[in-house]
Structure formats: structure tokens, C-alpha cells
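So the structure is just underneath, and the comments pick up after that.
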Amino acid sequence: MPSNQLSHRARRRAIAAAVAALVLAVPGSARADWIVAGFLGHAATRPSTIVLTLPDRGTSLELDGVRYRGESFASPQYYTLRVTWVPDRHPWLGLEGEFLHAKVYAEATETVRMRGTLRGAPIDASLPLSSVVQRLAMSHGLNFILANIAVRREAGPRDARGLRRLALVARAGAGPTKPHAESTVDHVNVDQFQSGGVGAQLAGGVELTIWRGLQAVGEYKFTWTTPEIEVAGGSARIPARSHHAAFGLGYHF
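In the working numbering, the protein residues as written are 318 to 570.
Written out as C-alpha cells, the structure is:
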């Protein structure tokens with residue numbers, strides 16, 4: 318099956334899992350408001366040290382100072398989908414399911430510090446990353462499936478439905494990651510969805526009601542995760558600490 322079909326199917330499953338987890342966690346008899354939101358945005362991932370292990374080739378390296386780009390507005394685009402449950406008795410609280418599709422591309426042409434063993438020989442030198450790793454990316458997504466707790470502070474006049482026009486929101490969340498990793502190591506390719514371990518986020522944002530329940534939404538996020546992905550002949554552990562700026566629309570039911 319083509320990789321793009323796999324990526325679309327995996328995203329649909331991830332979104333369904335996030336929504337199902339939220340629905341199952343909410344008491345069926347509880348009265349509440351619901352908010353659905355979708356975002357575009359940009360993620361900037363900080364430089365980090367990749368640990369590359371290729372046992373059959375005698376390679377065990379720390380690749381220090383690897384830089385990344387996000388290409389958030391190139392296809393497939395950065396996006397976030399989120400569902401929030403706000404109980405009537407506790408309007409300051411939100412329970413959420415969120416799917417976050419970010420992207421990470423290592424700058425393979427740049428020079429990094431290589432320490433350890435390369436093809437059986439000790440090394441401590443500055444060399445282009447591409448001398449060992451020609452490509453390392455998560456372009457079909459460093460995908461986060463998050464369960465969040467949000468604290469909400471509503472303000473401003475009420476609209477015709479009795480909803481406040483402004484809400485300030487802080488949230489924290491955690492959950493599994495499902496990266497689609499594309500790598501070329503020593504000129505051998507591996508492209509596939511993998512399990513990336515646990516990821517987490519801290520975020521703060523603003524919701525502004527612009528017409529009835531329709532909202533304009535903006536937020537800042539900080540996410541962190543360290544997926545260990547399979548590459549040809551071994552593995553690569555990639556610390557990904559990212560700043561996000563996201564903007565979109567929501568609807569408050």
C-alpha cells in the first residue's frame with residue numbers, strides 16, 4: 318500500500334483514538350459544554366543531540382548540535398484538532414482530547430560534532446551530518462495523541478447565548494506519539510510509522526467569540542518527546558523540544 322495512504326489511515330485512527338478517549342472519560346449523564354477547534358501553525362524545534370546506534374556496522378555516535386527545520390506550511394501541513402468538554406458545574410475546567418501533527422527535518426548538510434565510534438574506529442570530530450546520516454525527518458508527522466487538562470478563565474460581556482466573549486486558557490497534556498520517520502543512513506532508506514514513546518505539552522491560549530459560538534483561537538505550545546526510531550541497521554534517539562505558535566477556529570456548543 319502506498320505510504321501516503323498509510324499516513325492518512327494512521328492519522329484518522331489517531332484522531333479517532335483521541336476523541337474516543339475523551340468521550341469514554343466523560344460521565345454520560347453529566348451536562349456540559351463542548352468546544353471543537355482546528356488549527357494551523359508553526360513549530361520550531363530546538364537543536365539537540367541525536368544518539369545513533371548501528372551495532373552491525375560498529376557505529377555508536379552522539380551527534381551533537383543537530384539543527385532542525387519545520388516546513389510547517391508545506392504539504393503535509395502542520396495542524397491540530399482538539400475536542401474540549403467543559404462541565405456546567407466547573408466552567409473553569411476543561412478535559413480534552415487533542416491530535417497534533419508537527420514536522421521535524423534534520424539539517425543534514427550542516428556540520429555537527431560526532432563523538433563515539435564510527436565504523437569501528439573512535440571519533441571525536443566536527444563533520445557534516447550527511448557523512449553518516451543523509452536524511453532524518455518526520456515529515457508525515459511527529460504526531461502527538463494527547464489527553465489534556467485545561468484551566469479556563471472567562472471574561473468580558475456575554476453574548477446572546479450567555480457565553481463570555483473571551484476566555485484565557487492554560488493546559489497541560491501527555492500521551493503517546495506516532496511519528497512517521499524517514500531516514501537514510503549510510504545510503505540505506507527506512508520510511509515507516511513507528512511508536513515514538515510518550516510526549517507532553519504545556520500551552521496557553523486565547524479564545525475570542527466572534528459570532529454566536531464561533532471562536533477565533535490562538536495559542537502558544539511547548540512540546541517535548543524523545544522518540545527512538547528504527548533506522549537501517551539500528552536506531553536513532555532524537556530529543557525533540559519544540560515551540561509552537563498556532564491559530565485557528567473553534568465552535569462552542
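Think of the CB as a built atom: it goes at the ideal place given N, C-alpha and C, for glycine as much as any other residue.
Considering only the alpha carbon of each residue, which of the options lies closest to residue i?
i: V468; options: Q509, L531 and G521; result: G521
i: G433; options: A472, S377 and A487; result: S377
i: W351; options: L485, P408, G535 and F564; result: P408
i: A423; options: Y385, G355 and H504; result: Y385
i: L357; options: T543, G535 and I546; result: G535
i: D405; options: G479, F416 and D373; result: G479
i: T526; options: Y396, D476 and G382; result: D476
i: H418; options: P439, G387 and S447; result: G387
i: A498; options: T362, S552 and A438; result: S552
i: G355; options: R436, V383 and L398; result: L398
i: A563; options: T494, R554, E524 and G530; result: E524
i: A573; options: I466, V403 and A425; result: Since the first and last residues shown for the chain are 318 and 570, residue 573 lies out of range.
i: L519; options: W541, S389 and A360; result: W541
i: Y395; options: H359, S448 and R470; result: H359
i: G391; options: P439, K538, V507 and S456; result: It is worth fixing the name first, because residue 391 is Ala in this sequence and not Gly. Among P439, K538, V507 and S456, the Cα nearest to that of A391 belongs to S456.
i: K588; options: L446, G437, N465 and P445; result: There is no way to answer for residue 588, as the model of the chain reaches only from 318 to 570.
i: L483; options: S389, W528, L435 and P393; result: W528
I think residue i touches residue j, with their Cβ atoms under 8 Å apart; what is that distance to the nearest whole Å?
i: E379; j: T370; result: Not really, about 10 Å apart at Cβ, beyond 8 Å.
i: H569; j: Q532; result: 6 Å
i: A557; j: L412; result: Not a contact, Cβ separation roughly 26 Å.
i: V450; j: V502; result: 5 Å
i: I462; j: F416; result: 6 Å
i: V421; j: T362; result: 5 Å
Count the other C-beta atoms from every protein chain shown that fall within 10 angstroms of the C-beta of residue i, then say buried if there are 16 or more, exposed otherwise.
i: E427; result: exposed
i: S559; result: buried
i: L566; result: exposed
i: S443; result: exposed
i: A472; result: exposed
i: L485; result: exposed
i: S500; result: buried
i: I555; result: buried
i: P544; result: buried
i: S512; result: exposed
i: R452; result: buried
i: A347; result: For A347, the predicted model reports a pLDDT of 49, less than 50, meaning its position is unreliable and no value from the coordinates is stated.
Is the Cβ-Cβ distance between residue i and residue j less than 8 Å?
i: A489; j: G516; result: no
i: I546; j: P474; result: no
i: R430; j: G375; result: no
Once you ignore the five residues that flank residue i on each side, which residues in its own chain have a CB closer than 6 Å to its CB?
i: V505; result: A549
i: T401; result: I352, G411 and E413
i: G530; result: Y568 and H569
i: G437; result: G375
Excluding sequence positions up to five away, which residues of its chain have a Cβ less than 8 Å from the Cβ of residue i?
i: D373; result: G550 and G551
i: P445; result: A425, T426, E427, T428 and V429
Quick one: residues in its chain with C-beta nearer than 7 Å to the C-beta of residue i, no 5 flanking neighbours on either side, listed in chain order?
i: R481; result: E471, A472, G473 and R475
i: D441; result: R432
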